[in-house]
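Before any comments, here is the structure.
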DNA sequence: TTGTATGCGTTATCAT
DNA sequence: ATGATAACGCATACAA
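Chains as they are written, first to last, in the numbering used here: chain A, 1 to 348; chain B, 1001 to 1348.
Pasting the structure below:
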């Protein structure tokens, strides 16, 4: 036993021996438990750095029954497609901002998210199984489509989860969301204040709550401004969808002078079509988008848009999740609604 | 002992009892070890599903000494900045494609990457420590800036890693890369074949190998076509950088009729400036980008560009990594170079 | 082919 | 305040 060969990685035992104390004491120092003699703490700390010790995650979480990490789950489209669609889901500028917010909150706390994509029934099964194996203590979930069964599946499996956006059907989970109606009102107010008289809107897929709320909020605000009728065309939150919708709108409302697109991607598409049709933006038609995504600044003119503070929302999601799975697991649910702001650029 | 209270999660022992066999046998069935009676396999499998058993990751990796997961590390800018810069790193369309490729390879194998951002000296320390704790068996690393110390740090720590792009200084690691010079040649050939006579280029930051190679390759090919002189302006791979470079080029080469931008973002910026200056694309000036990123299709006209198969490259990185850390860990290093292709759209 | 027994590195419960 | 010691759930060497 004495001639122990050099192991790849030092263990608690090694540190204890080097410090001349017991494993238990070293463990206490590492976990910041008080009731430990300051002098001994020092000796232990020195031994730790001299041995180059790092705790073994597996051993630790075997006994604590906690993984000490969380998952970032992106729940994509239906359950039929393959790689192409995946590229689109993660390629969405929206995803980068979510990831950024989550990482931004976790990183200073020495944690890192597990990235999972649930874009098919099979993938969803896998995600649930993976989490149940204890790879992560909970999940931050962002669904890109309505009627995603995953939130309910996670809840049913007893896995702590926090959603981005209120679930279509009530569910005992925490979530963060945006005051979409207020955001749409901001857009309406701005267009009206600018002097627009014939305003139309391009909507998102109306089965998505956010899209429906943005439309409702826009309608409400326009009505208050004395514009009870607001022509609309349905888009699908993509640039191509925005182009199609804009083309349709130009046919039925050739003299429109203001447009509210339910997201920036569609606004960008609309910009292209307007230009092709010889309409100047913002002089002939003022355009307001939604999200303040990277597309907003990539456009010419840059988009005036309703800013959704995605990074902060994602950080808050993470905070809520850690509240549920942390040292003192709270069982409370919470929903936090963020207020949008208007970012004025060149398009309106 | 008989009155064991119902635990939250069934263990191997529970399954063994239900199946009337020993833990070892159940373990064998789960891990697909042969030498197990088919009839018994069946009984065990039934017991597994009836108990709802899922293996405990911590216990398993404690004994196997493998995490069974890998990290996707994005190594961002210097070591000074905070959240803003992080948003930019992960918000880059490039990142989404990398993530997509990694997830695409891992997901069918029941694995999911740990997402880590190393954008400061402190963050890099953390990343290394985290990996050393055994949270992941290795890392797929994409550095966005030259002279990133992380690759060397990982190697030194004995952590298996695969890089995106050849490291500036030789390092015993595997990597995937693109034949940048060939890509630039594709662009040159296309512009010349199109009839361009006065061609300029916007380069990336030349301390980045890829940027230098693209410039060198472009110069070489143009020289072969009888154009020994190619004016250039330095960009920084951002849209704004592209705008500045284009403006500068327009000053010194007002009659240029062809442009090669070292990436799509800069090409997009160039497009805007060209339009502002009344130049029509592609009629007056033909523009070729590089990457085939989402920006390429968002532009009007859409960009003709050199496609970099990022998703496949990322998948290959992951494959190489799994080769090193899998069941039979190979110790071999490898580098795989991908060939770019030209995607012709409206801009040239 | 199957079962028994041991150890992986920690934390936590006891004594002391 | 510190030190023994018992789990935690699994894989595997060895015995049968």
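Note that CB positions come from ideal geometry on N, CA and C, so glycine has one too.
In the stretch 1094-1128 of chain B, which residues sit with their C-beta less than 7 Å from some C-beta in chain A, listed in chain order? The stretch 1094-1128 of chain B vs chain A, Cβ under 7 Å: 1095, 1096, 1097, 1099, 1100, 1103, 1104, 1107, 1110, 1112, 1113, 1114, 1115, 1116, 1117, 1123, 1126.
Name the chain B residues that come within less than 7 Å of residue 174 of chain A, Cβ to Cβ? Neighbours of residue 174 of chain A on chain B: none; closest Cβ ~21 Å, over 7 Å.
Would you say residue 1268 of chain B lies against chain A (beta-carbon separation less than 9 Å)? It does: the Cβ of residue 1268 of chain B has a partner Cβ on chain A nearer than 9 Å.
Residues of chain B with CB under 7 Å from residue 59 of chain A, in chain order? Within chain B, the residues near residue 59 of chain A are 1062.
Close beta carbons around residue 308 of chain A, own chain, < 8 Å, minus the five adjacent residues each side: Non-local C-beta neighbours of residue 308 of chain A in its own chain, meaning closer than 8 Å and more than five positions away in sequence, comprise 178, 183, 290, 291, 292, 338, 340, ordered along the chain.
If you measure from the CB of residue 1160 of chain B, is any heavy atom of the ligand FMN nearer than 8 Å? Among the ligands in the structure shown, none appear at all, so the ligand FMN cannot be discussed.
Under 9 Å between C-beta atoms, does residue 143 of chain A make it to chain B? No, because no Cβ of chain B sits closer than 9 Å to the Cβ of residue 143 of chain A.
Are the beta-carbon atoms belonging to residue 1115 of chain B and residue 1071 of chain B less than 9 Å from one another? Yes; because the gap between Cβ atoms is below 9 Å, this pair is in contact.
Under 9 Å, Cβ to Cβ, is there at least one residue of chain B near residue 309 of chain A? Residue 309 of chain A does not count as touching chain B.
Fully enclosed by the stretch 1180-1240 of chain B, which beta strand (DSSP E) runs are 3 residues long or longer? Taking only runs of at least 3 residues, the beta strand (DSSP E) segments lying wholly in the stretch 1180-1240 of chain B are 1199-1203, 1232-1234.
Buried or exposed: where does residue 190 of chain A fall if 16 or more other Cβ atoms within 10 Å of its Cβ makes it buried? Buried, since its Cβ has 16 or more Cβ neighbours within 10 Å.
I'd like to confirm the pairing. Which residues does DSSP put opposite residue 1307 of chain B in its beta bridges? Bridge partners of residue 1307 of chain B: B:1291, B:1341.
Taking the alpha-carbon positions, what's the residue 237 of chain A to residue 262 of chain A distance? Distance between the alpha carbons of residue 237 of chain A and residue 262 of chain A is about 7 Å.
So, at 8 Å on beta carbons, what are the nonlocal neighbours of residue 351 of chain A in its own chain, with the 5 sequence-adjacent residues on each side left out? Any property of residue 351 of chain A remains undetermined from this structure, which presents chain A solely from 1 to 348.
Does residue 1009 of chain B have its Cβ less than 9 Å from a Cβ in chain A? The Cβ of residue 1009 of chain B sits closer than 9 Å to at least one Cβ of chain A.
How many whole angstroms separate the CB atoms of residue 248 of chain A and residue 233 of chain A, which I take to be in contact at a CB cut-off of 8 Å? Confirmed, Cβ separation roughly 5 Å.
What ranges does the alpha helix (DSSP H) occupy inside the stretch 66-145 of chain A, keeping only unbroken runs of at least 4 residues that lie completely in it? Counting only runs of 4 or more, we get 83-91, 93-106, 121-132.
Starting from the Cα of residue 260 of chain A, find the closest Cα among A:150, A:9, A:201 and give me that residue. The residue with the shortest Cα to Cα distance from residue 260 of chain A is A:201.
Bridge-paired residues (DSSP) for residue 1178 of chain B: The partner list for residue 1178 of chain B (beta bridge, DSSP) reads B:1338.
What residue range does the alpha helix (DSSP H) around residue 1269 of chain B cover? Counting along the chain, residue 1269 of chain B sits inside the alpha helix (DSSP H) bounded by residues 1264-1276.
For residue 162 of chain A, write down the residues that DSSP places opposite it in a beta bridge. Residue 162 of chain A pairs with A:140, A:174.
Can you list the residues of chain B that residue 134 of chain A reaches, using a CB-CB cut of under 7 Å? By Cβ distance, chain B contributes 1056, 1057, 1058.
For residue 1091 of chain B, which residues in chain A fall below 7 Å Cβ to Cβ? Counting only Cβ-Cβ distances below 7 Å, residue 1091 of chain B has contacts in chain A at 93, 96, 97, 100, 294, in chain order.
Taking all protein chains shown into account, decide if residue 333 of chain A is buried (16 or more other Cβ within 10 angstroms of its Cβ) or exposed. Counting the other CB atoms within 10 Å of its CB gives residue 333 of chain A a total below 16, which places it among the exposed residues.
Quick one: grab the DSSP three-state call for residue 258 of chain A. In the structure shown, residue 258 of chain A sits in a strand (DSSP, three-state: E or B).
Look up residue 302 of chain A in the DSSP assignment and say whether it is helix, strand or coil. Residue 302 of chain A: coil per DSSP, three-state reduction.
My output table needs one value for residue 286 of chain A: the three-state DSSP class, helix, strand or coil. In the structure shown, residue 286 of chain A falls within a strand segment according to DSSP collapsed to helix, strand and coil.
For residue 101 of chain A versus residue 1095 of chain B, is the C-beta spacing smaller than 9 Å? For the pair residue 101 of chain A and residue 1095 of chain B, the CB atoms are not nearer than the 9 Å cut-off.
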